[in-house]
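Working notes for the structure below.
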Amino acid sequence: MLELRLTRAGLLKKVLESIRDLVTDANFDCAATGCSLQAMDSSRVAMLSLLLRPDGFEHYRCDRNISMGMNLANMARMLRCASDDDTVTINADDAQDKISDYEMKLMHITSENLEIPEAGYEAIVKMPASLFARICKDLGTIGDTVMISVTKEGIQFFTRGDIRTANIFCRKTTPVAKEKEAISIEMEKPVSLTLALRYLISFTKATPLAKQVTISMSYGRPIVVEYKMEIMDHIRFYLVPKVEE
Amino acid sequence: GSKQPMITSFFGKV
């Protein structure tokens, strides 16, 4: 038996709006430890990992591990019926293949879960989520790839289009900067990755969920773009960098 | 030109 009740449907709506373009169908794996969702995009170049912890719910009951295959667009459409501060309840009996109240059809999705090594990163940048979103959007009008370079001074975004290039440098802020403007950098050594902008732009749909975004990079490894939600936990997006031929 | 590898070549299947 699974019974989840969330006082603020708005949060779940924002979560779904931020992932529904990247992934169409996915399994919500619910256990006593929380609800998680891990899925790759159709081109298998990007991946997202979502964790919703029990203490983010008003009521969380999960007697045994249950995996609910859902079409995220349908779930987002269904949740549109709820206003942001409505309470949303998700029930699922073990045997049934639907979740009640909206009778949404569940699907059997064979998803191959991937093991994400908890490796260290050469550079970790924390910056305002809205700034990162605006940079990705602006650069997306110029080129389709961005070279993100991190040094101890700051983080640089460079893109080259067929008619012009753009180079945005965000300097690390001094420790006294206010939280919402702070740009902090933890770095073992300078690192630079070339990434497809359309995926990064898709990741920034999660901007409404968090004030800050954490960007973790290691040479030759997928970049991690993480939005921490105050009580629910996190959404992490992974994107494989492009490699020169 | 640049190549775009897949994520499955970085993260093993569980």
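So the sequences go chain by chain: A and B. One rule links them: number in this note's numbering = place in the first sequence (from 1) + 20. One rule links them: number in this note's numbering = place in the second sequence (from 1) + 10. All C-beta atoms, glycine included, are put in the ideal place defined by N, C-alpha and C.
field: Euclidean distance between Cα positions of valine 170(A) and proline 261(A)
entry: Straight-line Cα distance between these residues: approximately 15 Å.
message: Can you confirm whether the region 61 to 73 of chain A touches the region 243 to 255 of chain A when touching is taken to mean that 3 or more C-beta pairs between the two stretches lie within less than 8 Å?
response: Yes: at least three Cβ pairs fall under 8 Å.
field: Under 9 Å from the C-beta of leucine 134(A): neighbouring residues of chain B
entry: By Cβ distance, chain B contributes Ile17, Thr18, Phe20, Phe21, Gly22, Lys23, Val24.
task: Please report how far the alpha carbon of isoleucine 235(A) lies from the alpha carbon of aspartate 49(A), in whole angstroms.
output: Using only the alpha carbons, I get a separation of about 26 Å.
- request: Indicate whether the contact test is met: 3 or more Cβ pairs, each with one atom in the region 94 to 103 of chain A and one in the region 15 to 22 of chain B, closer than 8 Å.
  value: A contact is defined here as three or more CB-CB pairs under 8 Å, and the region 94 to 103 of chain A fails this definition with respect to the region 15 to 22 of chain B.
- prompt: Is the CB-CB distance between alanine 139(A) and threonine 227(A) below 7 Å?
  reply: Cβ atoms of alanine 139(A) and threonine 227(A): not closer than 7 Å.
- prompt: Measuring CA to CA, which of Leu229(A), Asp158(A), Tyr80(A) is closest to leucine 32(A)?
  reply: Ranking the options by Cα distance to leucine 32(A), first place goes to Leu229(A).
message: So, for isoleucine 188(A): in the same chain, excluding its five sequence neighbours on each side, which residues have a beta-carbon less than 6 Å away from its beta-carbon?
response: Result list for isoleucine 188(A): Ile155, Phe177, in chain order.
field: Continuous alpha helix (DSSP H) stretch holding glutamate 37(A): start and end
entry: If you look at glutamate 37(A), you'll find it in the alpha helix (DSSP H) that goes 29 to 39.
query: Along the chain, where does the alpha helix (DSSP H) that runs through glycine 160(A) open and close?
result: Per DSSP, glycine 160(A) belongs to the alpha helix (DSSP H) from 149 to 160.
query: In chain order, what residues of the same chain lie with their CB nearer than 6 Å to the CB of alanine 66(A), ignoring the 5 residues before and after it?
result: Annotation for alanine 66(A): Tyr219, Leu259 place their beta carbon closer than 6 Å to its own, counting only its chain and skipping 5 residues before and after.
message: Quick check: the Cα distance between asparagine 133(A) and glycine 160(A), rounded to an integer number of angstroms?
response: About 30 Å.
- prompt: When DSSP labels each residue in this structure, what does arginine 9(A) get in the three-state scheme?
  reply: As shown, chain A starts at 21 and ends at 265. That puts residue 9(A) outside it, with no answer to give.
- request: Would you kindly work out how many angstroms separate the C-alpha atoms of glycine 174(A) and cysteine 190(A), rounded to a whole number?
  value: Taking the straight line joining both Cα atoms gives about 6 Å.
- prompt: Is the Cβ-Cβ distance between serine 267(A) and tyrosine 141(A) less than 7 Å?
  reply: Residue 267(A) lies beyond the range of chain A shown here (21 to 265); nothing can be said about it.
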